[in-house]
Each structure stands twice: as C-alpha cells, then as structure tokens.
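Take a look at the structure below.
Residue numbers (this note's numbering), protein chains in the order written: chain A, 1 to 287; chain B, 288 to 604.
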C-alpha cells in the first residue's frame, strides 16, 4: 500500500524527451475530454435557457439571453436549503462516526490481542462481501422499530458502521512500524494514549482515504434515504432531485439548475483537494 | 499485496499469560479490557445493523407479508415462485447486458490511461480531471441531463444524428434501446475511475522495460501490446471485478434516467430495482428478501468464477 504513494510521488516527474511526439496523444485526449465534459456543459447551458428554447425542434444551442433566475426558482420548487442541510449533516455525521469507530476497531484488529479477535474480524470480512440489499429490509425494520423513520438519525445510523472502513484501516495499521508504539509503551502510555497520540497521526493517509470514499458515497447515496425518509424536509438532495424529476418533468431548466447545485459541492471539493481524492481512491482500490 | 497479509494465519491469541517470557513483544499481547473499548462500539453496530439483518433476511425469505402487516411463515413458497418468475430472469438479463456494455469501457480506459501516463506529457492533471468528473457527480443529477439529451424529439443527440441524416430512436421509451442508452451513461461514468486505478498500475511498470524495448527497436504500439497490457493485467483484473460488482448494484442511474413512471422500466429494470420495487413499493418483503439473496448468490458465483479464470490471463510478476 505505501509503495503506491511512493510510486506516485516519484513518477510525477519522469524525464521526458526522446520518446517521440505526443501530438497524437493530445488529440485523442482532447476529443475524449470534450465527450466526457459535454453533458456538464449542456447542463449549464440548459440551466440558463427557457423551456421553449430547449424543447423546440431542433433545440437552440445557446439561450438568446441567459436566465440565471432558474437558479432562484429552484428554491421555490424544492426545499433546497433544508435538503442541502440534510445532505451535509448526514455526510458529516457518517464521516465522523466512521473515522472514530473504524479507526479504533481497525487498530484493535491490527495491534491488540484478545480472545475472539480472528472470529470477529472474519465476520467483518464476511459482511464486506455481502451486497447491501441483504441488509436493507431488516435495517428498515430496525429503524422503524426505533421510531426513526423520517429522521436524520434513521438515515445516518447504519452508515456509521462500515466493515469496509475497519478493514481498510486495519490494513493500514498493519503496515505501520512497531517501534514508535513500543517506545510510547515503555514511556508508560496506555493503549488508548498510544493509539491516539502515536498511531492516529501516522494513519492520516488511511483516514483521509476513508473520508474521501465516505463523503462520495454518502453525498450521492439514493436507495437507503429514499426508503427511510418520505418527508421532503428530511430528505437529502439525491432523493429530492429524484422526486422533483417525477413532478416537474418538463421544467428542464430548473431541474438542471437544481442538479448542478446538488453536484457542485462534491465537484468543488474535488477540484480543491484533487491529489488527496485521487490518492485516496487509488489507495483503497489497491486493497 | 495486502490480501496475502489478510489471509496469513495469525499467531494464536490465547496464550497471552503463559507463554509471555518467550515473547519479545509481550507488551502487545496483554491488552486487558482495552480491546472492548476499541472494538465494542463498532462490533455492537455491526451486529445490530449487519449481522442480525443477514439472519433476519434469510428468515424473511420464508415468509409472506400480508397487506395489513401480518407476516406468515410459508416455507419454500417464495423459492418456488422464484423458479418460475420470468421477471427476475428479465432483470438479471438486463443487469448482465448493462455490465457487459460498461465493461467495454475497460479497454478504452487502458488505452486512455496509457496515453495519459506517457512520459513528459503535459496537461495530464487537466485531462484526468475531465475524465474523472462524471464518476464524482451525483448519479441522479447526471441522469437528469442525459434524459434531456436522449429526448427523442428535441434531444441534442437526435438533433446531431439528424444532421448526419440518421433518424434517431426514442431512446428512453423504446424497450431494449433504453437499456443501451442507460449502459452508455454507465460507461461514461465509470471510465474515469478505471483510469485512476489503471494509472496507479501503470506507474508500477519499471521504465527500464520500455527503454530496453526501445533500444531493440520496438514501436510504441508493440510496446503497448507486449509490455503495457501484460504488465497491467493485475490492475485490469481488479478493475473488472469492481465494475462487475458495481454493475450488479445498478439503481441510482436507472431511477434517475428511466424513473418509476416510465412504462419502459418493466423491460429495463435491474435486479436491485426489482428488489426495491418488490420490498418497498409493493411491500412484498418476503419475496424482496429472496431477490436480495439471489443477488448475493449471483455476485458471489460470478466473482468466484472470475478469480478462477484469472489464472489463465493475469500475470503476477
């Protein structure tokens, strides 16, 4: 695992020259980039158009005048602010919960010895291989039994615990050297102090990889919140968009504005932290 | 590499007191009550929300859910129904076709990743960003713009086709065609992720191999076929596994692009959509549980088969 980041760092400036021309590669990559980005460009154009402009045959390629008021209309047609707040809240809670719980469990599975450790870890691995649908009906029953339908708690609860996260961080802790821990222990630190002040700072790359993946999956998650939350005010943006699409299927400009605003936070976060997101995904991909 | 660490039999965990003098790393062995603090909260949640649900779902698969909430034990009735259920078979077939089309993105991603990782290529960060954005964007949000683009009358895709003299179909309301349209969007979304993973693999190929080949007069396309592709097979295998598993989870894109009210959904639905519809729209949770178990078994078998087949084509150096 750690070799990966080393490899990434050293390869960023491999020597160029005497490799022939890269013009062909640029042509292919530019065409590819245009294809990949076109739907986003079209989404921006559509969000600034009017419905007649989009639905005329053939459609206008550019609006005669841009209509930014479509973005304001989103707030009338959708409880956008509260759904945005729900999305942020469930994402933050899941990331925080997973980081704390998975880091502690992952550390224990990697470094502490206790009876039943292998059995428990085997159970965690088994869960990792089970598709989510096998849990969903029962999770719904549990959340319903707790009276948590249509609540943030209900949307968040199962996602606080991640078998994948514990596995990922265990693997990371296994790859860290023993010596520092040993030294801290000789200085009289208890296991929690060792974990908290010695190991956790070393585990930052693993923690950030888990955070990246959890932010991505939580923000975009549809099926679970769709099931447990039927109140528009307690739904995340993903569910809000899916519902809006059914109600106002012809009001494309407002739909596109809403869709852009729902995707934007993740895309902006990616642009700000590109290296970290890509390393995080590649890192967890190498498991 | 870590999978080998994972499968390595661990040293026994019981002999913490007795064998202590022999062990040099004794301090690690005796942890007292600490493990409960570390693992307890996590395992409690895992037990409640993951382990128990597996057992309960297995039980539910033998039950029938009445319209007023009564649950009756019906033995193997659901499984008998499954055997003759063409809807499940259809959903499986749709899912497999979707996966097959998405997998066509892997050769494309190998090619693009090898171009992106050419030594001395400029603008790589920019290109990578462009390719990667579709993977990050919310699937429901992305589905909405594709709906507009695929519209049979005023969609930009049919407008472009008309300019070439081709009469494009009603993409999202024609059975069969809708599945292909859906798969194309799935492919578009997955390419960026595949490129990221394959790029990590490409960086692991020693540059000396290319230098030696170049000295021997190998052309770029020869190097690609004789060095890049064979050396990349472990990454290609990994990406294939991930794409297949993710493909079996097809739901968000289908829900956003086709939607519940479009009649073509019955001919386009995936296994997960069928599960959702059966369990939470029709409240037929007993049969929903059976579909969940079908997904479990199919994914397990397909993954196991892929691991067996890898010996024939994956090179581990």
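We put the beta carbon where it would ideally sit given N, CA and C, even for glycine.
In terms of residue numbering, what span does the beta strand (DSSP E) encompassing residue i cover?
i: residue 351 (chain B); result: 350–352
For residue i, collect the residues of the same chain with a Cβ closer than 8 Å to its Cβ; drop the 5 residues on either side in sequence, then sort them by chain order.
i: residue 560 (chain B); result: 378, 537, 538, 541, 542 and 552
i: residue 150 (chain A); result: 228, 229, 230, 231 and 234
i: residue 93 (chain A); result: 152, 156 and 160
i: residue 59 (chain A); result: 53
i: residue 393 (chain B); result: 481, 523, 526, 527 and 530
i: residue 472 (chain B); result: 429, 430, 433, 540 and 544
i: residue 127 (chain A); result: 163
Where does residue i fall in DSSP's three states?
i: residue 464 (chain B); result: helix
i: residue 161 (chain A); result: coil
i: residue 310 (chain B); result: Caution is warranted here: a pLDDT of 44 is assigned to residue 310 (chain B), below 50, making its placement in the model unreliable, and the coordinate value is therefore given only provisionally. Note: residue 310 (chain B) maps to coil in three-state DSSP.
i: residue 529 (chain B); result: helix
i: residue 440 (chain B); result: coil
i: residue 369 (chain B); result: helix
i: residue 275 (chain A); result: helix
i: residue 435 (chain B); result: helix
i: residue 564 (chain B); result: helix
i: residue 144 (chain A); result: helix
i: residue 382 (chain B); result: helix
i: residue 429 (chain B); result: helix
i: residue 547 (chain B); result: coil
i: residue 265 (chain A); result: helix
i: residue 131 (chain A); result: coil
i: residue 477 (chain B); result: helix
i: residue 454 (chain B); result: coil
i: residue 389 (chain B); result: helix
i: residue 190 (chain A); result: coil
i: residue 65 (chain A); result: coil
Along the chain, where does the alpha helix (DSSP H) containing residue i start, and where does it finish?
i: residue 80 (chain A); result: 80–111
i: residue 359 (chain B); result: Residue 359 (chain B) -> not in any alpha helix (DSSP H); beta strand (DSSP E) instead, spanning 358–360.
i: residue 591 (chain B); result: 572–600
i: residue 321 (chain B); result: 321–333
i: residue 26 (chain A); result: 23–47
i: residue 398 (chain B); result: 392–403
i: residue 121 (chain A); result: 117–128
i: residue 494 (chain B); result: 494–502
i: residue 411 (chain B); result: 411–423
i: residue 70 (chain A); result: 69–77
i: residue 339 (chain B); result: 339–347
i: residue 272 (chain B); result: In the structure as shown, chain B begins at 288 and stops at 604. Residue 272 (chain B) is therefore absent and cannot be evaluated.
i: residue 205 (chain A); result: 204–220
i: residue 235 (chain A); result: Careful: residue 235 (chain A) lies outside any alpha helix (DSSP H) and carries neither H nor E.
i: residue 54 (chain A); result: 51–55
i: residue 196 (chain A); result: Premise fails: residue 196 (chain A) is in no alpha helix (DSSP H) and is neither H nor E.
i: residue 153 (chain A); result: 152–156
Exposed or buried, residue i, counting other C-beta atoms within 10 Å across all chains shown (16 or more means buried)?
i: residue 190 (chain A); result: exposed
i: residue 508 (chain B); result: exposed
i: residue 452 (chain B); result: exposed
i: residue 211 (chain A); result: buried
i: residue 397 (chain B); result: buried
i: residue 203 (chain A); result: buried
i: residue 168 (chain A); result: buried
i: residue 313 (chain B); result: Caution applies to residue 313 (chain B), whose pLDDT of 43 falls short of 50 and renders its modelled position unreliable; the model cannot decide the point.
i: residue 103 (chain A); result: buried
i: residue 163 (chain A); result: buried
i: residue 166 (chain A); result: buried
i: residue 575 (chain B); result: buried
i: residue 386 (chain B); result: buried
i: residue 268 (chain A); result: exposed
i: residue 140 (chain A); result: buried
Output needed for residue i: all residues of its chain with C-beta closer than 6 Å, excluding positions within five of it in sequence on either side, in chain order.
i: residue 337 (chain B); result: none
i: residue 518 (chain B); result: 492
i: residue 476 (chain B); result: 421 and 422
i: residue 342 (chain B); result: none
i: residue 240 (chain A); result: 78 and 83
i: residue 308 (chain B); result: In this prediction, residue 308 (chain B) scores a pLDDT of 44, lower than 50, which makes its location untrustworthy; the coordinate-derived value is nonetheless stated afterwards. There are no such residues.
How close, in whole Å, do the beta carbons of residue i and residue j come, if the pair is a contact with beta carbons under 8 Å?
i: residue 218 (chain A); j: residue 90 (chain A); result: 6 Å
i: residue 135 (chain A); j: residue 340 (chain B); result: 4 Å
i: residue 555 (chain B); j: residue 474 (chain B); result: Contact flag wrong, Cβ pair sits at about 16 Å.
i: residue 404 (chain B); j: residue 512 (chain B); result: With 8 Å as the limit, residue 404 (chain B) and residue 512 (chain B) do not qualify as a contact, their Cβ atoms being about 16 Å apart.
i: residue 329 (chain B); j: residue 105 (chain A); result: 4 Å
i: residue 461 (chain B); j: residue 532 (chain B); result: About 29 Å separates the two Cβ atoms, so there is no contact after all.
i: residue 360 (chain B); j: residue 344 (chain B); result: Actually they are not in contact, since the Cβ atoms of residue 360 (chain B) and residue 344 (chain B) sit about 15 Å apart, beyond 8 Å.
i: residue 445 (chain B); j: residue 557 (chain B); result: So it is not a contact: roughly 25 Å between Cβ atoms.
Give every residue of the same chain whose Cβ lies closer than 7 Å to the Cβ of residue i, excluding the five residues on either side of it in the sequence, and list them in chain order.
i: residue 124 (chain A); result: 163, 166 and 167
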